[in-house]
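>
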Amino acid sequence: MRLSQLVVQCADLLQSSEVALGQGTLEMADEAAWLVLWRLGLPLDTDTDAFTPVLQAYDVQACFDLIAQRIQRRVPAAYLTREAWLQGVDFYVDERCIVPRSLIAEVLARQSLDLFVTRSPLRILDLCTGNGSLAVLAAMTYPDAHIDASDISADALAVAKINGQRHGLSDRIAWHCLDGLQAPLGRYDLILCNPPYVNELSLANLPPEFMAEPRLALAGGSDGMDFVRPLILRAAEHLHEDGILILEIGHERAHFEAAFPKLSSLGLSTSAGDDQVRLIHQVELRALTC
Ligand SMILES: C[S@@+](CC[C@H](N)C(=O)[O-])C[C@H]1O[C@@H](n2cnc3c(N)ncnc32)[C@H](O)[C@@H]1O
Numbered sequence: 037m038r039l040s041q042l043v044v045q046c047a048d049l050l051q052s053s054e055v056a057l058g059q060g061t062l063e064m065a066d067e068a069a070w071l072v073l074w075r076l077g078l079p080l081d082t083d084t085d086a087f088t089p090v091l092q093a094y095d096v097q098a099c100f101d102l103i104a105q106r107i108q109r110r111v112p113a114a115y116l117t118r119e120a121w122l123q124g125v126d127f128y129v130d131e132r133c134i135v136p137r138s139l140i141a142e143v144l145a146r147q148s149l150d151l152f153v154t155r156s157p158l159r160i161l162d163l164c165t166g167n168g169s170l171a172v173l174a175a176m177t178y179p180d181a182h183i184d185a186s187d188i189s190a191d192a193l194a195v196a197k198i199n200g201q202r203h204g205l206s207d208r209i210a211w212h213c214l215d216g217l218q219a220p221l222g223r224y225d226l227i228l229c230n231p232p233y234v235n236e237l238s239l240a241n242l243p244p245e246f247m248a249e250p251r252l253a254l255a256g257g258s259d260g261m262d263f264v265r266p267l268i269l270r271a272a273e274h275l276h277e278d279g280i281l282i283l284e285i286g287h288e289r290a291h292f293e294a295a296f297p298k299l300s301s302l303g304l305s306t307s308a309g310d311d312q313v314r315l316i317h318q319v320e321l322r323a324l325t326c
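The numbering of the sequence shown is our numbering, which starts it at 37 and goes up by one.
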């Protein structure tokens, strides 16, 4: 069998199953290609149509076995491969953290923030760092910056440290096990935060793949704002006067605006639309608490 045929057959198997996507891929063909190429030890950017060697029967079987695991166990592909990619950068992943997919990564890659900062940020906080992907991408985007990255989960931080080491950034990222903004780490030019923001109703209806991720990483309480509410009230004191907070809120815009009717925030453009990542200036946060 040829590689392209194998990928099509695997995609068909996924399509006729109940698997849910959204943790790295959005199409069954991409999910199938990811798992097949990983299983065969081929680069993920391999052109499957142009790959001509005929595959060995045991390689084909190994790929079908992996697809069967994906279908039967209903866990994210990244928990099977122990690897995920964000903006072309590879991250180690396991069940101790969610699969990296933050839209803030797009904002960093497009350098969209350059329009809103007067100078390149030198102190950055990645709050709720999880697997450390945003801390790593921020360090790559801003080579002169020092990054603090914090999470309440020691398990997630253990994964984050692996990713810091993997990318040779251990001397530029400091990892902290902290609850929200409870402990003072100083003031920042930029705070990035992809918090747990899934509201109770949405959480109850998540497919098994998402339930396989740590609940702590997703659950945001009845309106999704349990973590965000104290963050918005405290963030000003952790930002320089010209600092900004970049906050991911996913599909929770209505709940966010209901929680903070007087807060002025700007929606940043991402592949998921213009309202899932908010940019908030320190001055707006401060005004809220005065
Ligand atoms: C949606 S995940 C984001 C992970 C990572 N930043 C990303 O984008 O893939 C949210 C993270 O917040 C962490 N978290 C939950 N409650 C927290 C709290 N009170 N203080 C700090 N971190 C918290 C979870 O452990 C989880 O790693």
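Backbone N, C-alpha and C fix where the C-beta goes; we use that ideal spot for every residue, glycine too.
Predicted, not measured: the structure shown is a model, and the values here were computed from it.
Can Thr-88 be considered in contact with ligand 1, in the sense that its beta carbon sits closer than 6 Å to one or more heavy atoms?
Looking up residue 88 in the sequence shown gives position 52. No; taking the cut-off as 6 Å, the Cβ of Thr-88 has no heavy atom of ligand 1 nearer than that.
> Enumerated in chain order, which unbroken segments of the beta strand (DSSP E) with a length of 3 residues or greater are wholly contained in the segment 263–309?
For the segment 263–309, whole beta strand (DSSP E) runs of length 3 or above, ordered along the chain, are 275–284 and 302–306.
> For Arg-22, list the residues DSSP reports as bridge partners.
Residue numbering for the chain in the displayed model covers 37 to 326; residue 22 lies beyond these limits and cannot be assessed.
> Distance check for Leu-324 and Arg-118, CA to CA, integer angstroms please.
The count along the sequence shown starts at 1 and reaches residue 118 at position 82. The count along the sequence shown starts at 1 and reaches residue 324 at position 288. Whole-angstrom Cα-Cα distance: 42 Å.
> Let's test the definition: count the other Cβ atoms within 10 Å of the Cβ of Trp-61 and tell me whether it reaches 16, buried, or not, exposed.
Mapped onto the sequence shown, residue 61 falls at position 25. The sequence shown places Thr at residue 61, not Trp. It is buried - the Cβ of Thr-61 has at least 16 other Cβ atoms within 10 Å.
> Mind checking which residues open and close the beta strand (DSSP E) that includes Ala-86?
Taking the sequence shown and counting its residues from 1, one reaches residue 86 at position 50. That residue, Ala-86, is in no beta strand (DSSP E); it is neither H nor E in DSSP.
> Output the residues surrounding ligand 1, defined as those with a CB atom closer than 7 Å to any ligand heavy atom, in chain order.
In chain order, the qualifying residues are Cys-133, Ile-134, Pro-136, Arg-137, Ser-138, Ile-140, Asp-162, Leu-163, Cys-164, Thr-165, Gly-166, Asn-167, Ser-169, Leu-170, Ser-186, Asp-187, Ile-188, Ser-189, Ala-192, Leu-214, Asp-215, Gly-216, Asn-230, Pro-231, Pro-232, Pro-250, Leu-252, Ala-253, Leu-254 and Phe-263.
> Along the chain, where does the beta strand (DSSP E) containing Ser-189 start, and where does it finish?
Residue mapping note: residue 189 aligns to position 153 of the sequence shown, counting from 1. First-last for Ser-189: undefined, no H or E at that position.
> Once DSSP output is grouped into helix, strand and coil, what is the label at Cys-213?
Mapped onto the sequence shown, residue 213 falls at position 177. Here Cys-213 sits in strand by DSSP.
> What are the uninterrupted segments assigned as beta strand (DSSP E) that are 3 or more residues long and contained completely in the segment 100–138, given in chain order?
If we require 3 residues or more, the beta strand (DSSP E) runs fully inside the segment 100–138 come out as 119–122 and 125–128.
> Measure the alpha-carbon distance for Ser-307 versus Ser-206 and round it to whole angstroms.
For the purposes of this step, residue 307 is taken as the residue at position 271 of the sequence shown. For the purposes of this step, residue 206 is taken as the residue at position 170 of the sequence shown. Their Cα atoms are separated by approximately 30 Å.
> Spell out a yes or no on whether the segment 234–244 and the segment 78–96 are touching, meaning 3 or more CB-CB pairs, one atom from each, closer than 8 Å.
No: fewer than three Cβ pairs fall under 8 Å.
> Residues in the same chain with beta-carbon distance under 8 Å from Arg-322, minus the five sequence neighbours each way, listed in chain order, please.
Residue numbering aside, residue 322 sits at position 286 when the sequence shown is read from its first letter. Answer for Arg-322: Ala-272, listed in chain order.
> Reducing DSSP to helix, strand and coil, say where Asp-62 ends up.
Within the sequence shown, numbered from 1, the residue matching residue 62 stands at position 26. Sequence check: residue 62 is Leu here, not Asp. Coil at Leu-62, not helix or strand.
> Around the Cβ of Ala-240, are there at least 16 other Cβ atoms within 10 angstroms (buried) or fewer (exposed)?
Position 204 of the sequence shown, counted from the first residue, corresponds to residue 240. Ala-240 comes out exposed.
> Please state the DSSP three-state secondary structure of Val-153.
Along the sequence shown, one-based indexing puts residue 153 at 117. Note: Val-153 maps to coil in three-state DSSP.
> Quick check on the DSSP output: the alpha helix (DSSP H) that includes Leu-239 runs from which residue to which?
Within the sequence shown, residue 239 is the residue found at index 203, counting from 1. Element bounds for Leu-239: 236–240.
> Expressed to the nearest angstrom, what Euclidean distance is found between the alpha-carbon atoms of Cys-164 and Leu-226?
Here the question's residue 164 lines up with position 128 in the sequence shown. Here the question's residue 226 lines up with position 190 in the sequence shown. About 14 Å.
> Return the first residue and the last residue of the alpha helix (DSSP H) that Arg-173 is part of.
The count along the sequence shown starts at 1 and reaches residue 173 at position 137. First, the amino acid is wrong: residue 173 is Leu here, not Arg. Segment 169–177, the alpha helix (DSSP H) holding Leu-173.
> Is the separation between the beta-carbon of Val-169 and that of Pro-136 shorter than 7 Å?
For the purposes of this step, residue 169 is taken as the residue at position 133 of the sequence shown. For the purposes of this step, residue 136 is taken as the residue at position 100 of the sequence shown. In the sequence as displayed, the identity of residue 169 is Ser instead of Val. Their beta carbons are under 7 Å apart, which means Ser-169 touches Pro-136 by this criterion.
> Confirm the yes/no value for this check: CB of Ala-175, any heavy atom of ligand 2, distance under 6 Å.
By its list of ligands, the structure shown excludes ligand 2, since it contains just ligand 1.
> Quick one: is Met-261 buried, meaning 16 or more other Cβ sit within 10 Å of its Cβ, or exposed?
Position 225 of the sequence shown, counting from 1, holds the residue named residue 261. Per the 10 Å Cβ criterion, buried.
> Please state whether DSSP places Tyr-224 in a helix, a strand or coil.
Residue mapping note: residue 224 aligns to position 188 of the sequence shown, counting from 1. Correct three-state label for Tyr-224: strand.
> Would you be able to state if there are at least three C-beta pairs under 8 Å between the segment 198–215 and the segment 147–156?
No, the segment 147–156 does not touch the segment 198–215.
> Return the residue from the list Leu-269, Ala-255, Asp-278 and His-317 that minimises the CA-CA distance to Glu-288.
Numbered from 1 along the sequence shown, position 252 holds the residue referred to as residue 288. The shortest C-alpha separation from Glu-288 is found at Ala-255.
> According to the Cβ coordinates, are Ile-134 and Gly-166 closer than 7 Å?
Taking the first residue of the sequence shown as 1, we reach residue 134 at position 98. Taking the first residue of the sequence shown as 1, we reach residue 166 at position 130. Yes; because the gap between Cβ atoms is below 7 Å, this pair is in contact.
> Quick check on the DSSP output: the alpha helix (DSSP H) that includes Leu-42 runs from which residue to which?
Working through the sequence shown from its first residue, we reach residue 42 at position 6. Per DSSP, Leu-42 belongs to the alpha helix (DSSP H) from 39–51.
> Tell me whether the beta-carbon of Leu-91 lies closer than 7 Å to the beta-carbon of Met-37.
For this step, residue 91 is matched to residue 55 along the sequence shown. For this step, residue 37 is matched to residue 1 along the sequence shown. Going by C-beta atoms, Leu-91 is nearer than 7 Å to Met-37.
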